[in-house]
Amino acid sequence: MKKERWVVSAKRADFQAIADRFGIDPVIARLIRNRDVTGEKEIEEYLFGDLEQLHDPLLMKDMERAADLIAEKIREKKPIRIIGDYDIDGVTATYILLTGLKDLGADVDVRIPDRIADGYGLNEHLVHFAADEGRDTIVTCDNGIAAGSQIRLAKELGMTVVVTDHHEVPFEEDENGERRYILPPAVVNPKQKDCSYPFPGLCGAAVAWKLIQTMEAKAGIPKEHSFRFLEFVAIATIGDVMDLQGENRIFVKAGLRALHKTQNLGLQELIRVQGIEAENVTPYHIGFVLGPCINASGRLDTAVHSLKLLCAKTREEAAKLAGDLKDLNESRKELTRQGEAKAIELVETSPLQNDKVLVVYLPDCHESLAGIIAGRLREHFHKPSFVLTRSEEGVKGSGRSIEAYSMYEELCKCKELMTKFGGHPMAAGLSLAGEEMIEPFRRALNDNSTLTEEDFVEKVVIDVPMPITYITKNLIRQLSLLEPFGKGNTKPLFAQKGLTVLNYRIFGKNRNVVKVQLADAGGYQMDGVYFGEGGAF
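Position one of the sequence shown corresponds to residue 34 (the numbering used here), numbered consecutively onward.
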């Protein structure tokens with residue numbers, strides 16, 4: 034089992050001065066500093082950032098070129114095909130592009146790759162399929178940055194390709210460690226090295242939205258019109274686990290406000306079928322209740338169902354699709370539970386437990402669940418974890434990482450072993466030619482790894498050692514200034530030593546809630562609640 038090391042964050046600043054300047058408690062000032070928000074302008078944006086502070090889309094490399102190119106195709110009435118992705122970011126990005134381009138008068142349709150039949154992103158047969166159906170232009174969203182050969186094929190077939198993506202740019206390293214980045218032409222992606230966009234941490238849906246925003250501005254449409262897509266950008270930002278910093282905080286804040294009053298029938302019905310009131314939807318509901326339903330269709334069936342839900346024109350259609358997605362997600366949860374148990378058992382009962390990087394082969398696991406199970410392995414062992422499964426072309430897999438291990442960069446070091454790969458520092462997907470490649474892949478990752486034992490000890494960072502006498506209703510109210518919480522802006526964590534438990538009571542049919550009465554060294558008392566195994570506590 035994983036170990037934990039508790040540390041107190043010790044980042045320094047003049048907390049009282051910050052508190053006085055912004056009218057906040059010094060504890061709130063310290064929490065902001067702990068999230069690496071420094072400087073008056075940055076603190077102002079963090080606390081009070083609004084849509085006026087979003088960056089100009091034209092700062093993104095090739096944004097104007099892409100917008101002009103697509104606008105020309107619309108004027109010439111050339112048929113356009115959007116090729117998206119089957120996860121929550123890809124589906125919402127596809128919806129934004131499809132709706133936005135239709136509103137601009139485009140002859141546009143969509144192909145979301147099938148996870149099993151097509152695999153991830155733009156591939157050769159999707160290109161041929163588009164050409165055979167007479168499509169003049171392909172626009173990708175949430176994919177395409179690593180599709181250089183497929184884009185060349187499209188051009189040979191007489192098509193134009195515009196890439197909108199947010200994934201890491203592929204590179205090759207020479208013997209001196211110098212990197213050569215491999216880029217297709219006409220790319221809108223803030224992660225490009227020579228892109229001047231101030232915030233590279235956007236999700237795919239945000240990049241797609243910036244493109245529509247640019248095109249609408251060029252068409253003389255007020256920018257407020259593009260804000261109709263913010264709830265979808267917020268859903269994608271949370272669902273794709275982007276850092277809730279900078280622009281992403283503004284997207285999520287504004288998007289949640291829009292979602293609370295959403296006019297989208299599909300979202301209304303998905304919220305209703307989960308028994309949630311729309312005005313109560315939080316990032317938690319998006320990440321763990323609604324988002325998994327949108328993802329479920331791309332995992333166990335086809336993501337077309339989720340896109341249809343967002344595009345639904347009648348309440349009856351939306352209600353049926355929402356119910357189907359909820360049922361699919363329940364099936365996904367049970368299959369995930371079974372796969373997780375099997376993967377943990379395989380590691381704990383084999384030499385794999387000694388590896389620095391876990392590579393587990395579950396041949397019969399549904400390949401769409403590999404990433405979720407890899408994430409559970411990562412949580413359980415606090416090690417970078419890959420789960421591989423049998424596929425029609427050989428072996429497919431997904432990985433989830435820890436902070437000390439950049440998964441995408443490590444895959445680049447052994448790219449000759451894979452037929453396809455891509456991703457981020459914290460997550461990646463890959464394909465191998467066959468089962469015989471699994472062991473060389475596992476060995477290569479572990480031989481290349483520079484991880485130490487200390488990297489496997491999960492660090493629990495305590496924001497503030499908090500005397501219970503300091504806890505007030507006013508402080509608790511001010512904590513809402515830090516919302517929304519999520520990756521890159523975690524919920525505050527407080528701790529205090531020297532508390533005595535005066536008495537306790539165990540509640541719940543599973544004995545998993547304990548109410549306690551606590552006292553500090555000075556005798557000040559406060560009630561507390563513990564959630565977990567009551568008897569053991």
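Virtual Cβ for every residue (Gly too), placed ideally from N, Cα, C. Remember, predicted model here, so these are calculated numbers, not experimental data.
Where residue i and residue j are concerned, what is the direct C-alpha to C-alpha distance, given to the nearest angstrom?
i: E205; j: A179; result: 12 angstroms
i: G555; j: L444; result: 55 angstroms
i: S182; j: G541; result: 59 angstroms
i: M192; j: E469; result: 38 angstroms
i: L465; j: I149; result: 15 angstroms
i: I271; j: Q301; result: 18 angstroms
i: K353; j: T369; result: 24 angstroms
i: V240; j: L137; result: 18 angstroms
i: S439; j: A269; result: 22 angstroms
i: V143; j: G521; result: 33 angstroms
i: E105; j: V172; result: 14 angstroms
i: S431; j: L512; result: 36 angstroms
i: G117; j: Q307; result: 26 angstroms
i: I504; j: I435; result: 33 angstroms
i: G177; j: R348; result: 34 angstroms
i: R68; j: E75; result: 11 angstroms
i: C447; j: F474; result: 8 angstroms
i: E367; j: E373; result: 10 angstroms
i: L155; j: R305; result: 35 angstroms
i: L508; j: V60; result: 8 angstroms
i: L450; j: T483; result: 20 angstroms
i: R185; j: E78; result: 42 angstroms
i: A461; j: F284; result: 25 angstroms
i: R54; j: L514; result: 15 angstroms
i: K346; j: L298; result: 7 angstroms
i: I539; j: R38; result: 28 angstroms
i: T197; j: D175; result: 6 angstroms
i: E429; j: H457; result: In the sequence under discussion, the amino acid at residue 429 is Lys, which differs from the Glu named in the question. Those two C-alpha atoms are separated by around 17 angstroms.
i: D273; j: Q558; result: 42 angstroms
i: E472; j: L343; result: 42 angstroms
i: T295; j: I309; result: 13 angstroms
i: F321; j: V160; result: 35 angstroms
i: A126; j: E97; result: 19 angstroms
i: R510; j: Y317; result: 19 angstroms
i: K226; j: R544; result: 54 angstroms
i: A238; j: G567; result: 43 angstroms
Would you kindly check if the distance between the Cβ of residue j and the Cβ of residue i is under 8 angstroms?
i: E201; j: Y441; result: yes
i: G519; j: L277; result: yes
i: A164; j: V195; result: no
i: V40; j: I377; result: no
i: Y537; j: V546; result: no
i: D95; j: V221; result: yes
i: A267; j: L303; result: no
i: L91; j: T315; result: no
i: L361; j: D334; result: yes
i: L551; j: G565; result: no
i: P517; j: L64; result: no
i: I115; j: L102; result: no
i: G82; j: R282; result: yes
i: H258; j: K224; result: no
i: R433; j: G467; result: no
i: L358; j: A329; result: yes
i: V70; j: I113; result: no
i: L478; j: V390; result: yes
i: V392; j: F419; result: yes
i: K243; j: M93; result: yes
i: Y563; j: G331; result: no
i: K111; j: T170; result: yes
i: Y128; j: F260; result: no
For residue i, write down the residues that DSSP places opposite it in a beta bridge.
i: L515; result: DSSP lists no partner for L515.
i: M559; result: L551
i: C236; result: Answer by DSSP bridge pairing: none, since C236 is not bridged.
i: N536; result: Q550
i: L463; result: G430, F454
i: V141; result: I113
i: R213; result: E205
i: Y438; result: In the DSSP output, where bridge partners are listed per residue, Y438 has none listed.
Any heavy atom of the ligand COA inside 7 angstroms of the beta-carbon of residue i?
i: A239; result: Within the structure as shown, the ligand COA is missing, as the structure has no ligands at all.
Throw me the rounded Cβ distance for the residue i and residue j pair, which I believe falls under 8 angstroms.
i: A287; j: L84; result: 6 angstroms
i: L340; j: I145; result: 6 angstroms
i: V124; j: A336; result: 5 angstroms
Using 8 angstroms as the Cβ pair cut-off and three pairs as the minimum, do the stretch 498-505 and the stretch 526-545 touch?
-> yes
Does the stretch 382-400 come close enough to the stretch 413-429 to have 3 or more Cβ pairs within less than 8 angstroms?
-> yes
Does the count of Cβ pairs from the stretch 77-92 and the stretch 222-240 closer than 8 angstroms reach three?
-> yes
Would you check if the stretch 411-419 and the stretch 481-491 touch, i.e. whether three or more CB-CB distances between them fall below 8 angstroms?
-> yes
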